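Residue numbers (this note's numbering), protein chains in the order written: chain G, 1 to 212; chain Z, 1001 to 1516.
Cβ coordinates follow ideal geometry from the N, Cα and C atoms, glycine included.
Computed from a predicted structure; not experimentally measured.
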């Protein structure tokens, strides 16, 4: 099979163990890093479409993303900085007082699979830590998760903190988690709410294209 | 010929499988351990022989510790009620009991059928309904959105005591609020001794999968432990996300988490009552949602029940009335029946979650009434089939063969009222009659019954002398909250923040003079 077709298939099939070898092979066959990147991204787009209609499942999506990132790591030195720029960047964390992380991790992985650069701050993240990360990474999106109603007020605190230092307009804020509702998101002035990982990916894409 | 009552029993796990799960649980407890960043728990466990491993930041439990603690955990738990005739005994091999959902925040309006966040008036309606329904054995907390979060647990308990005479279970959302709740129960029951004998309150706490206990969850345990207030010990691992994807692996991990809870509670408070109460969830591999209504959840509950009652001689508590649908529909009915039926056949002592929809999130008064019927039917199932010379009715058959029918035969008259459980919200008519009566489905019939109960039923009020004692406790909680001393924040002083690192926490435990 043509090495470029192989590269696309490696991503679609989530074959991350051979992704770098396949990328190397494609380079040696004369394909440019740019062409290899496009092949992988188009494979990922197919995975996304298949997932959307229920033909592919979360583990397969995550494996495909893993394959894409493995391949990307190999060809990165040969890509221009504008090409390696991801679709966007996201800082994500579970708010202070809450240590539930699986939902947040699932969203982080799915958003990363959609070609975002993701900085996962973990759990029990204070407003100060969120602020420091926004200053450091200058993300497009700040995403916050919570499973406990009793920790929801911290989401409001984070938004206030951003306002106080004049950084509120520098990021789009997206929130999610079992007790979170659209109504709550509106009440604290969040830019978006996603009830599940798939919607988070869609919303993240909307948020960055709105910026461009 | 066997005479007597024949009860059904379903057994998924072989002896060998149960012992394998147990053996692997002990292996994981000893070699992998749990993440527990709670000073009192660590002190207790260290004294009991557990290993505080600084390299892995985990506590490891030697086999002997686990085995000793399993010996003291009771097989019989008394759940006291404000009115003694509603007292319950949850005992391995005994009858099962039912309770409504706790932990949810949504409510479906009885009349408009709209969803909203729970309001205080919904709590009153819900508890009144639960109190008035004959197959609902005890009541559980429901969380109004229009209450101050800092003191919500305390106010919820107050209202539950006012509106129900049945045993009260609260799932606290603050570690600190629990001490006020304990004070309230002591005030109503009169003495520590009375609370220990027939506790009016039980609480719920939970591990966090994988293999962790949050500090606030242990704060709850240490606050109620001295009074032996029963704890429903949950863990909610999600298959393929926070526990293995296989049923066996999910059952194993949940077992490790619960056994760790047994070790902590029995080391600190030997003989403290606990319910083995796993809530294994299933990751939907398409949407990523944690679901409960599946057949596999019912299967896991049944296996876990078997482990609890057969191997550990601990009462088992399962979910019960589950549903992943958003409304009371066919999906809801199927899911809840499967999840109630399978574990009860394996000996579950509590079926929880009555009245709930939307995977643990929403309370629906219509479903509470429908579940009441289902519990009644399951209770009838567990009464068994009585096969005796009398029930066989040989004489009755002989009589009727000669002449007539059974309609008013003495045998029929003797048994007809007790032999069958008749659900309330069901159709019992032919089509023409059904049409003439308004073509009502089960939901509509349940709604009518709910309205009737809400109109006619009120719980016997709390003795005013006791009411007076509760007011100052609630007021002091409100005052503490106003002064910023009672907050709903988690983590707490017993968490790692106070010490900076697990290693520092372990050093503090050692410096406290306890032998490590």
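Contacts around residue 1365/Z, its chain only, beta-carbon distance under 6 Å, and the 5 residues preceding and following it disregarded: Here residue 1365/Z corresponds to residue number 365 of the second chain, with the count starting at 1. Same-chain partners within the cutoff: 1110, 1129, 1450.
Every unbroken beta strand (DSSP E) inside the stretch 106-173 of chain G [3 residues or more]: 116-120, 141-145
Counterpart residues of residue 1213/Z in DSSP-defined beta bridges: On the second chain, position 213 is the one that residue 1213/Z refers to. Beta-bridge pairing by DSSP links residue 1213/Z to 1036/Z.
Separation of residue 1505/Z from residue 1037/Z, as counted between CA atoms: Here residue 1037/Z refers to the residue found at position 37 of the second chain. Here residue 1505/Z refers to the residue found at position 505 of the second chain. Their Cα atoms are separated by approximately 8 Å.
Straight-line Cα distance separating residue 1250/Z from residue 178/G: For the purposes of this step, residue 178/G is taken as residue 178 along the first chain, with counting starting at 1. For the purposes of this step, residue 1250/Z is taken as residue 250 along the second chain, with counting starting at 1. Taking the straight line joining both Cα atoms gives about 22 Å.
Residue 1289/Z: contacting residues in chain G (beta-carbon distance under 8 Å): As a working note, residue 1289/Z is residue 289 in the second chain. Those are 196, listed as they occur along chain G.
Residue from 207/G, 197/G, 202/G whose Cα sits closest to the Cα of residue 1527/Z: Outside the shown range of chain Z (1001 to 1516) lies residue 1527/Z, about which nothing can therefore be said.
Counterpart residues of residue 1117/Z in DSSP-defined beta bridges: Taking the second chain and counting its residues from 1, the one referred to as residue 1117/Z is at position 117. Beta-bridge pairing links residue 1117/Z to 1106/Z.
Residues from the stretch 1166-1198 of chain Z in contact with chain G, defined by Cβ distance under 8 Å: 1173, 1174
Rounded straight-line distance, which links the Cα of residue 115/G to that of residue 37/G: Taking the first chain and counting its residues from 1, the one referred to as residue 37/G is at position 37. Taking the first chain and counting its residues from 1, the one referred to as residue 115/G is at position 115. Between residue 37/G and residue 115/G, the C-alpha separation is close to 11 Å.
Assigned secondary structure, residue 1031/Z (DSSP; H/G/I helix, E/B strand, else coil): Position 31 of the second chain holds residue 1031/Z. Helix at residue 1031/Z.
Near-chain G residues of the stretch 1230-1245 of chain Z (beta-carbon distance less than 7 Å), N- to C-terminal order: 1238, 1241, 1242
Residues that residue 57/G contacts on chain Z, provided the C-beta gap is smaller than 7 Å: Taking the first chain and counting its residues from 1, the one referred to as residue 57/G is at position 57. Correct list: 1285, 1286.
Proximity test, Cβ basis, 9 Å: residue 1038/Z and chain G: Within the second chain, numbered from 1, the residue matching residue 1038/Z stands at position 38. No, because no Cβ of chain G sits closer than 9 Å to the Cβ of residue 1038/Z.
Rounded C-alpha distance that separates residue 166/G from residue 157/G: Along the first chain, read from residue 1 onward, the residue named residue 166/G stands at position 166. Along the first chain, read from residue 1 onward, the residue named residue 157/G stands at position 157. Roughly 14 Å between the two C-alpha positions.
CB of residue 22/G within 9 Å of CB of residue 6/G, strictly: For the purposes of this step, residue 22/G is taken as residue 22 along the first chain, with counting starting at 1. For the purposes of this step, residue 6/G is taken as residue 6 along the first chain, with counting starting at 1. Going by C-beta atoms, residue 22/G is nearer than 9 Å to residue 6/G.
Residue-level contact to chain G via CB, residue 1505/Z, 9 Å cutoff: Residue 1505/Z sits at position 505 when you count from the first residue of the second chain. Not one chain G Cβ lies under 9 Å of residue 1505/Z.
Other residues of its chain near residue 1017/Z: CB distance less than 7 Å, five sequence neighbours each side excluded: The sequence position of residue 1017/Z within the second chain is 17, counting from 1. Excluding positions up to five away in sequence, the list is empty.
Residue 1502/Z burial status per 10 Å Cβ neighbour count (16 or more: buried): To locate residue 1502/Z, count along the second chain from 1; it is residue 502. By the neighbour-count rule (16 or more Cβ atoms within 10 Å), residue 1502/Z is buried.
Cβ-Cβ separation, residue 1421/Z to residue 1380/Z (assumed contact under 8 Å), whole Å: Indexing the second chain from 1 puts residue 1380/Z at position 380. Indexing the second chain from 1 puts residue 1421/Z at position 421. Correct: roughly 4 Å between the Cβ atoms.
N-terminal and C-terminal residue of the alpha helix (DSSP H) that residue 1445/Z is part of: Residue mapping note: residue 1445/Z aligns to position 445 of the second chain, counting from 1. Segment 1442-1456, the alpha helix (DSSP H) holding residue 1445/Z.
Outcome for residue 34/G when other beta-carbon atoms lying within 10 angstroms are tallied against a minimum of 16: Locating residue 34/G in the first chain gives position 34, counting from the first residue. When all chains shown are included, residue 34/G counts as exposed.
Limits of the beta strand (DSSP E) - the one that residue 1334/Z falls within: As a first step, residue 1334/Z must be located in the second chain, where it is residue number 334. Careful: residue 1334/Z lies outside any beta strand (DSSP E), inside the alpha helix (DSSP H) at 1330-1345.
For residue 1362/Z, three-class secondary structure by DSSP: For the purposes of this step, residue 1362/Z is taken as the residue at position 362 of the second chain. Strand at residue 1362/Z.
Inter-residue spacing [alpha-carbon to alpha-carbon] between residue 64/G and residue 1116/Z: Walking along the first chain from the start, residue 64/G turns up at place 64. Walking along the second chain from the start, residue 1116/Z turns up at place 116. Distance between the alpha carbons of residue 64/G and residue 1116/Z is about 39 Å.
Inter-residue Cα distance where the pair is residue 1086/Z and residue 1423/Z: Here residue 1086/Z is taken as the residue at index 86 of the second chain, counted from 1. Here residue 1423/Z is taken as the residue at index 423 of the second chain, counted from 1. Their Cα atoms are separated by approximately 21 Å.
Chain Z contact residues for residue 99/G, given Cβ-Cβ distances below 7 Å: Your numbering for residue 99/G matches position 99 in the first chain. Within 7 Å Cβ-Cβ: 1208, 1214.
Any chain G beta carbon closer than 9 Å to residue 1163/Z: Counted from its first residue, the second chain places residue 1163/Z at position 163. Output row for residue 1163/Z: interface = no.
Element boundaries [beta strand (DSSP E), containing residue 1097/Z]: Stepping through the second chain from its first residue, residue 1097/Z is reached at position 97. Residue 1097/Z -> beta strand (DSSP E) spans 1097-1100.
Enclosing beta strand (DSSP E) for residue 1282/Z [first to last residue]: Position 282 of the second chain, counted from the start, is the residue given in the question as residue 1282/Z. Unbroken beta strand (DSSP E) run through residue 1282/Z: 1281-1283.
Residues near residue 70/G by beta carbon distance below 6 Å, same chain, minus five either side: Walking along the first chain from the start, residue 70/G turns up at place 70. Excluding positions up to five away in sequence, the list reads 16, 19, 20.
Per-residue DSSP class, three states only, for residue 1426/Z: Along the second chain, one-based indexing puts residue 1426/Z at 426. For residue 1426/Z, the three-state secondary structure derived from DSSP is coil.
Segment limits, beta strand (DSSP E) that includes residue 1353/Z: Counting from one through the second chain, the residue named residue 1353/Z turns up at place 353. Run containing residue 1353/Z: 1350-1354, per the beta strand (DSSP E) assignment.
Cutoff 9 Å: residue 1488/Z Cβ touching any chain G Cβ: The residue you call residue 1488/Z lines up with position 488 of the second chain. Yes, residue 1488/Z counts as interfacial toward chain G.
Helix, strand or coil at residue 7/G according to DSSP, with G and I counted as helix: Position 7 of the first chain, counted from the first residue, corresponds to residue 7/G. In the structure shown, residue 7/G sits in a helix (DSSP, three-state: H, G or I).
Enclosing alpha helix (DSSP H) for residue 21/G [first to last residue]: Counted from its first residue, the first chain places residue 21/G at position 21. Residues 19-28.
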